[in-house]
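This report concerns only the one structure given below.
Number of protein chains: 2
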Amino acid sequence: MAEYHGFSSNNATASLRELALNPFSLTEPNALNSRRFASYCCRMNDFELLYATERVNDDTLSALQDLADESRVIEQFKGMKRGEVVNRIKGYESEERMALHTAVRDLGDAPLHPEASAQARAELQKLQDFLDALTAAEIVNEAGESFTDMVMVGIGGSDLGPRALYLALAAFRIQNRRVHFISNVDPDDAAAVLRGLDLSRTLVNVVSKSGSTLETLTNEELVRASFKAAGLDPGRHFIAVTGKGSPMDNPARYLRSFYMFDYIGGRYSVTSMVGAVMLGFALGFEQLSEILAGAHAVDQAAEEPDIRRNIPLLMALLGIWNHNFLGFDTLAVLPYSQALIRFTAHLQQCDMESNGKSIDRSGQPLAWQSGPVVWGEPGTNGQHAFYQLLHQGTTIVPVEFIGFRQSQYGEDLEIQGTTSQEKLLANLLAQSLAMAAGRGNSNPNRRFAGNRPNCILLADRLTPYTMGALMAVYETKIVMQGFIWNINSFDQEGVQLGKVLANEIIDHLAARRRDKNYQGRDDDLSWALLRMTDK
Amino acid sequence: MAEYHGFSSNNATASLRELALNPFSLTEPNALNSRRFASYCCRMNDFELLYATERVNDDTLSALQDLADESRVIEQFKGMKRGEVVNRIKGYESEERMALHTAVRDLGDAPLHPEASAQARAELQKLQDFLDALTAAEIVNEAGESFTDMVMVGIGGSDLGPRALYLALAAFRIQNRRVHFISNVDPDDAAAVLRGLDLSRTLVNVVSKSGSTLETLTNEELVRASFKAAGLDPGRHFIAVTGKGSPMDNPARYLRSFYMFDYIGGRYSVTSMVGAVMLGFALGFEQLSEILAGAHAVDQAAEEPDIRRNIPLLMALLGIWNHNFLGFDTLAVLPYSQALIRFTAHLQQCDMESNGKSIDRSGQPLAWQSGPVVWGEPGTNGQHAFYQLLHQGTTIVPVEFIGFRQSQYGEDLEIQGTTSQEKLLANLLAQSLAMAAGRGNSNPNRRFAGNRPNCILLADRLTPYTMGALMAVYETKIVMQGFIWNINSFDQEGVQLGKVLANEIIDHLAARRRDKNYQGRDDDLSWALLRMTDK
Chain C
613 MAEYHGFSSN NATASLRELA LNPFSLTEPN ALNSRRFASY CCRMNDFELL
663 YATERVNDDT LSALQDLADE SRVIEQFKGM KRGEVVNRIK GYESEERMAL
713 HTAVRDLGDA PLHPEASAQA RAELQKLQDF LDALTAAEIV NEAGESFTDM
763 VMVGIGGSDL GPRALYLALA AFRIQNRRVH FISNVDPDDA AAVLRGLDLS
813 RTLVNVVSKS GSTLETLTNE ELVRASFKAA GLDPGRHFIA VTGKGSPMDN
863 PARYLRSFYM FDYIGGRYSV TSMVGAVMLG FALGFEQLSE ILAGAHAVDQ
913 AAEEPDIRRN IPLLMALLGI WNHNFLGFDT LAVLPYSQAL IRFTAHLQQC
963 DMESNGKSID RSGQPLAWQS GPVVWGEPGT NGQHAFYQLL HQGTTIVPVE
1013 FIGFRQSQYG EDLEIQGTTS QEKLLANLLA QSLAMAAGRG NSNPNRRFAG
1063 NRPNCILLAD RLTPYTMGAL MAVYETKIVM QGFIWNINSF DQEGVQLGKV
1113 LANEIIDHLA ARRRDKNYQG RDDDLSWALL RMTDK
Chain Z
613 MAEYHGFSSN NATASLRELA LNPFSLTEPN ALNSRRFASY CCRMNDFELL
663 YATERVNDDT LSALQDLADE SRVIEQFKGM KRGEVVNRIK GYESEERMAL
713 HTAVRDLGDA PLHPEASAQA RAELQKLQDF LDALTAAEIV NEAGESFTDM
763 VMVGIGGSDL GPRALYLALA AFRIQNRRVH FISNVDPDDA AAVLRGLDLS
813 RTLVNVVSKS GSTLETLTNE ELVRASFKAA GLDPGRHFIA VTGKGSPMDN
863 PARYLRSFYM FDYIGGRYSV TSMVGAVMLG FALGFEQLSE ILAGAHAVDQ
913 AAEEPDIRRN IPLLMALLGI WNHNFLGFDT LAVLPYSQAL IRFTAHLQQC
963 DMESNGKSID RSGQPLAWQS GPVVWGEPGT NGQHAFYQLL HQGTTIVPVE
1013 FIGFRQSQYG EDLEIQGTTS QEKLLANLLA QSLAMAAGRG NSNPNRRFAG
1063 NRPNCILLAD RLTPYTMGAL MAVYETKIVM QGFIWNINSF DQEGVQLGKV
1113 LANEIIDHLA ARRRDKNYQG RDDDLSWALL RMTDK
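For the protein sequence lines, the chains are C and Z, in the order given.
With our numbering as the guide, the letters of the first sequence map in order to residues 613 to 1147.
With our numbering as the guide, the letters of the second sequence map in order to residues 613 to 1147.
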């Protein structure tokens, strides 16, 4: 693939800078009319993106299309899926890896990367056999009983995405199966989870791609100690998900081992064995397959080059418009679905770890902003919390709303003439309109300036299929932004320095515990070190 | 109290603007030495604030002290506690209320606002009697059994703060007592919580100050319907916490009614009956009293005018330095404690709803930035998620770390020579230092620019007393920032427009459900309205 030189050298960025001097105003009378709504609605697979409430007009969209074309984002996306080495910094030591999270759900007859898809199929077959054996009570505990609970031990990508999907799909759980999560090295995390669990009927799913994650190995030992204290054999309860050949790849210690490969980044690993083992246990293999199918459908549809027919591409470009040209530093993702309570936490990793970068793919310092701060909580809860700032604060926050026409459980009541689901949807649309249009008032405290850009991503119902698709929409949006910004969205060198320093510090804390007269290193940090242990 | 004219007319702001042109650099060799650490440590009650890693020197601190003095922030804070009408916009219709959340924990012999404290004592006495009757099994269910579970139905201030404290203090729960939360109008929220609950042994605590919150009343009806369907009498299970005289103040419908008063804002209401009833049920009255005592101790200590001896005041000023003078739009609050998993969500409301304002207390548009976007997740989890952007992103995010020397459960293991708690603390300190000092490298991808300002708020252990104190530190920091910015931190007019529009929209959704040919209003919104119901 020919080299792409990056964001600021595009002709389109000059046009966009010009357009940003006078962006479309949403507060003019009649600016938000049905024609605009109908025209600024992008349909793809099971989703609609309503973006009439963004500060764009046809000129903006045309320039954004140029930006997509000039940066050859679709070509780069297809290259990633085919296995080009996208995880690299040219001219410097870097990971030099492919990014093939799309391959693990590309399970049809003609996969784009046959080898990776074959590896995924093999692991899925192993998983299906394992799940069948659990259901048939061929794999049981010491007392011959079936397993009811799973503790997932992992952190970062081995925690956030899987946990977000588990919570999102709790309505689809197999009866009497529950999953619990331990992630933090804070010992209270494990202590709180292990209290009240019947360990004898619990599987422990230890997930670490590198097989050397400090938090995960520490928590695994804590949990193993609990099993031993309860007279249980960890070898009958512990499962491993790890990179083939990692220090954790030691089948003798585990009931089963499932593999991931170096072409799957942690934050893109939900549909690999990292998420699949737990989701398969909780939801069953069929529902897991639905998640993969939903994600794959988006991976395919996202090859569409017309930005008005490609939701993740359009979201990527609208995000760039708001961030790089209108100058807004953060992005709020606000799902009108309580089930998506931890989805934004997953996005914080997926987006900010991917695109929180300062150099381009040749190692040059960026002359433009890369990824924004991503945050959010479900509506309507957020309306009673931080929306005050969204409507009337001095900082403008672009918003991506997410909504579903139907509830998951279908348990609803008509109260005062409307159902809860109708109240939820009315609030979703109302917030979008209020932020965009604003409203005047003679009392300055009741004045809404409007022109707060936002969009609504809408689907029928949050099912395993839709959830897989939604996750893939965001994964795709994020890598496309990275391609356009010309950064490497697949490494995370920024987490290394903290690890190095923590290793330098930790021995001093332990030394202090053993010897109360230990005064720390004879250097600048001794005072700060002592604060960690002494009042 | 004499009038304060506001932020930009202070002499100190001119000095601070000048100082901000060349702020103290944390990346110079030896910049972070033990003398600086020892000097830039503020002690107050059970906390230490380590702020050597902020971009300040003695000149900056001196100018910040001037800002505090000129804005008479301590005088304003004392006035608030004495009952001055701080919730107002001069010259315009506004709430015209006192803000007396401090009075509900001012329970000694000489309270600053005797009437409010007397009302608080009366409610606490009612609560203690009720809790004693539950414990003595004088109040029981239809079958004569004691209550084991409580469902708290509330949203915003009636949910976030109480929920954050419940989760933070789960280690201190009374055995066999659990609390569950329903907040969102999304019907799936109630459906998921009610599944698997034994309603017969469950109390329902309905909390709405106004007694007219849409979400809460809707969810109350949903839950009441479940009780009736189970053949249970809601009158034996439902408790109300509401404003005296509100539409919900109807003792005939409830087993007990507890009151709050108009001088308590929702986001400052955790220590009023809003949080107290649930926390008393879960933790017992004694632990609840500890929470109140911890908060009160901070309320008193925060009268100290020397910014280097007053943690919430110093945090308020460092926040203003980072936000208004160094120009950083957001603030990450990162607790190294899994128990504080929802504390940042509480702060999002407390801070952003209080200080996300665009006019001053005379109704004039602000010429300066008010409150920042507040977000965060616990460490070490965040290290494996969004810290990449904090270390190497193009947006600089000031950080407030929170840490505790000891764990809550005390269940820990030495693994590879160190305990989990030591690993946690080593990581906390390491992150603070890495962000501040940075580090060079010949590989540009392994370069850390440093000068990311941050501080560490440190205490011995997260107990009910410390939790009450921590919450009050932030409440106080937030109101002090509001006093300095000359804004009203106690109203939330910005949430009104969304409510108005939702009411306009909702009937159309219901009409559409009843009549499939209904085409919405004959106006601009009909197309968008139909999208909410039809694919």
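Every residue, glycine too, gets a C-beta built ideally from N, C-alpha and C.
Every value quoted in this text rests on a predicted model; they were computed, and no experiment measured them.
Extent of the continuous beta strand (DSSP E) run through residue i
| i | result |
| --- | --- |
| C/A907 | Element bounds for C/A907: not the beta strand (DSSP E) but the alpha helix (DSSP H), F897 to A913. |
| Z/E1219 | The shown model of chain Z, from 613 to 1147, leaves out residue 1219 of chain Z, and the question about it has no answer. |
| Z/Y871 | R868 to M872 |
| Z/N817 | T814 to S820 |
| C/H792 | R790 to I794 |
| Z/W987 | V985 to W987 |
| Z/F659 | F659 to L662 |
| C/D761 | D761 to V765 |
Length of the line joining the Cα atoms of residue i and residue j
| i | j | result |
| --- | --- | --- |
| C/S812 | C/L844 | 7 Å |
| C/D1136 | Z/Y880 | 41 Å |
| Z/H958 | C/S729 | 44 Å |
| Z/G1110 | C/F998 | 13 Å |
| Z/A894 | Z/R790 | 6 Å |
| Z/G855 | Z/G878 | 11 Å |
| C/D741 | Z/T1030 | 39 Å |
| Z/R700 | Z/L712 | 14 Å |
| C/R655 | Z/D1127 | 26 Å |
Own chain partners of residue i with C-beta closer than 6 Å, once the 5 adjacent residues on each side are dropped
| i | result |
| --- | --- |
| Z/A852 | V818, M860, Y866 and S869 |
| Z/A802 | I794, N831 and L834 |
| C/M613 | Since pLDDT at C/M613 reaches only 46, below the 50 mark, its modelled position is unreliable, and no value is offered. |
| C/M1047 | R1064 and N1066 |
| C/S824 | P859 |
| Z/S979 | For the record, residue 979 of chain Z in the displayed sequence is Ala; it is not Ser. Excluding positions up to five away in sequence, the list reads S620. |
| Z/T665 | S1044, A1048 and N1066 |
| C/T942 | P984, V985 and V1009 |
| C/Q1033 | S1019 and D1024 |
Neighbourhood of residue i by C-beta distance below 8 Å, restricted to the same chain and skipping five residues each side
| i | result |
| --- | --- |
| Z/A951 | L779, A780, L781, A782, A783, Q1020 and L1074 |
| Z/L679 | N622, A624, T625, L628, L929, I932 and I1096 |
| Z/H792 | D761, M762, V763, M764, V805 and L809 |
| C/F689 | A914, E915, T1088, V1091, M1092 and F1095 |
Close beta carbons around residue i, own chain, < 7 Å, minus the five adjacent residues each side
| i | result |
| --- | --- |
| C/Q1028 | none |
| C/N645 | none |
| C/Q1104 | E965 |
| C/A643 | S637 |
| C/Q1131 | S1138 |
Cβ separation of residue i and residue j, assumed to be a contact under 8 Å, to the nearest whole Å
| i | j | result |
| --- | --- | --- |
| Z/Y871 | Z/M885 | 6 Å |
| C/A732 | C/L719 | 7 Å |
| Z/E827 | Z/I767 | 5 Å |
| Z/S1101 | Z/N934 | Actually they do not touch by this definition, with Cβ atoms about 19 Å apart. |
| C/S974 | C/K702 | 5 Å |
| C/R1143 | Z/L662 | 6 Å |
| Z/D911 | Z/A1084 | 6 Å |
| Z/A1122 | C/L1041 | Contact flag wrong, Cβ pair sits at about 14 Å. |
Continuous alpha helix (DSSP H) stretch holding residue i: start and end
| i | result |
| --- | --- |
| C/S651 | S646 to S651 |
| C/F955 | F955 to L959 |
| C/A643 | Neither: C/A643 is in no alpha helix (DSSP H) and is coded neither H nor E. |
| C/G931 | I923 to I932 |
If you pair each beta-carbon of the segment 856-864 of chain Z with each one of the segment 806-821 of chain Z, do three or more pairs fall below 8 Å? As far as the Cβ criterion goes, the segment 856-864 of chain Z touches the segment 806-821 of chain Z, which means the pair count is three or higher.
Hey, is the segment 954-969 of chain Z in contact with the segment 919-928 of chain Z, meaning 3+ C-beta pairs nearer than 8 Å? No, the segment 954-969 of chain Z is not in contact with the segment 919-928 of chain Z.
Cβ contact (3+ pairs, closer than 8 Å) linking the segment 994-1014 of chain Z and the segment 644-659 of chain Z: Contact between the segment 994-1014 of chain Z and the segment 644-659 of chain Z is absent, because fewer than three Cβ pairs lie under 8 Å.
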